[in-house]
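Below is one structure, written out as structure tokens; the observations come after it.
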Amino acid sequence: MKIASWNINSLRKRQDRLLAWLEGTRPDVVCLQETKCTDEQFPVLALQSAGYHSSYHGEKSYNGVAILSKEKPQDVRASLCNEVIDRQARVIAAKIDNLRLYSIYAPNGQAVGSPAYEYKLNWYMRLRDCLSKEKNRELIVCGDFNVAPEDIDVHDPMLWRGAIMCSDRERAAFRQLCDVGLIDTLRLHRQEGGLFSWWDYRMLSFPKNRGLRIDAVLANKSLAEKCTAAGIEREMRKGKEPSDHAPVWAEFNL
DNA sequence: ATGGTAGTTTGACTA
11 MKIASWNINS
21 LRKRQDRLLA
31 WLEGTRPDVV
41 CLQETKCTDE
51 QFPVLALQSA
61 GYHSSYHGEK
71 SYNGVAILSK
81 EKPQDVRASL
91 CNEVIDRQAR
101 VIAAKIDNLR
111 LYSIYAPNGQ
121 AVGSPAYEYK
131 LNWYMRLRDC
141 LSKEKNRELI
151 VCGDFNVAPE
161 DIDVHDPMLW
171 RGAIMCSDRE
181 RAAFRQLCDV
191 GLIDTLRLHR
201 QEGGLFSWWD
211 YRMLSFPKNR
221 GLRIDAVLAN
231 KSLAEKCTAA
241 GIEREMRKGK
251 EPSDHAPVWA
261 EFNL
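Taking my numbering, the leading residue of the first sequence gets 11, the next gets one more, and so forth.
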């Protein structure tokens, strides 16, 4: 079973790219972030024709998350546990093939110390509390975490030291999230540096490979033991009008 | 020290 996660940065803008990629790679599940479309605008029929069910939670202009799956999703939820649906569309969860799957889009945080930064850290605590209740399930949490977990996930750790997506409190929040029993699948198979999932559109970041690894597929321990491969589709950052993120993926022998 | 780009939307915000 191949599970991918991609911050698409506007689903309407990149629908054709998405469909071509689905056709070429046929993942079983795709978690999307920054769909930037309302539920009414979601291209359910085009994705159905491509062989995928859609579970989605969007809003106008910003954020928006979705799960595409070959298998029919069950028990779809568009909020953190026991909470009213957020004003910001950042979480959707579904049960697929007996796995509990989350597609999450963590707040960016804007600048260390800003109100948005505090919102981000608080959001991480809420997500952790929610996921801690899923403990005994087979669990996958995919998405744009907006945190580079370690220095090895950063092209220039000294330049980024203490900056947004790399600050100590953000990294601690990410670790505490993983402490509920989640494992970063990429690092099960790839330990080297230079593996990034996001490159700023500005300053020729991509050609210079000045990126960060802020997207991930996290799995609980028993699933992580069945993870046979993981990677990042760097090619998807190339070409005409790419997203600023590349898809990340993991394969499981279930 | 600044601004560089992109998406949504037409002014300004988010990233």
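Note that beta-carbon positions come from the ideal geometry of N, C-alpha and C, so glycine has one too.
In the three-state DSSP reduction, F216 falls in the coil class, being neither helix nor strand. Using a C-beta cut-off of 8 Å, the segment 247 to 258 makes contact with the segment 222 to 236, since at least three inter-stretch Cβ pairs fall below that distance. Here DSSP, grouped into helix, strand and coil, assigns V151 to strand. Around K143, the same chain offers C91 as residues with beta carbons nearer than 7 Å, after the five sequence neighbours per side are excluded. G74 places its beta carbon 7 Å or farther from that of C41. If the five residues before and after H67 are omitted, its C-beta is found closer than 6 Å to the C-beta atoms of V75, A88, A99 and I102, all from its own chain and listed in chain order.
Rounded to whole angstroms, the gap between the alpha carbons of G61 and K80 is 6 Å. For R100, there is no enclosing alpha helix (DSSP H), as DSSP marks it with neither H nor E. By DSSP's assignment, S65 forms a beta bridge with I77.
Proximity to C140 across R247, H199 and G191 peaks at G191, based on C-alpha coordinates. Taking the Cα positions, Y115 is about 7 Å away from E44. Here Y72 is exposed, its C-beta having fewer than 16 other C-beta atoms within 10 Å. Collapsing the DSSP output to three states places K130 in a helix. Looking at the DSSP output, V164 shares a beta bridge with L222.
For E180, the uninterrupted alpha helix (DSSP H) run begins and ends at D178 to C188, by DSSP. Closest in alpha carbon position to F206, among L109, R247 and D189, is R247. Within the same chain, and ignoring the five residues on either side of W170 in sequence, the residues whose Cβ sits closer than 6 Å to its Cβ are V164 and C176.
Here N230 has E148, L149, G191 and L192 as same chain residues with Cβ atoms under 7 Å from its own Cβ, once five neighbours each way along the sequence are excluded. For R197, the enclosing alpha helix (DSSP H) stretches over residues L196 to H199. Under the 10 Å beta carbon count, L196 is surrounded by 16 or more other beta carbons and is classified as buried.
In this structure, Q186 keeps its C-beta atom at 7 Å or more from the C-beta atom of R136. The beta carbons of P83 and S65 sit closer together than 7 Å. A residue is called buried when at least 16 other Cβ atoms come within 10 angstroms of its Cβ; K130 meets this threshold and is buried.
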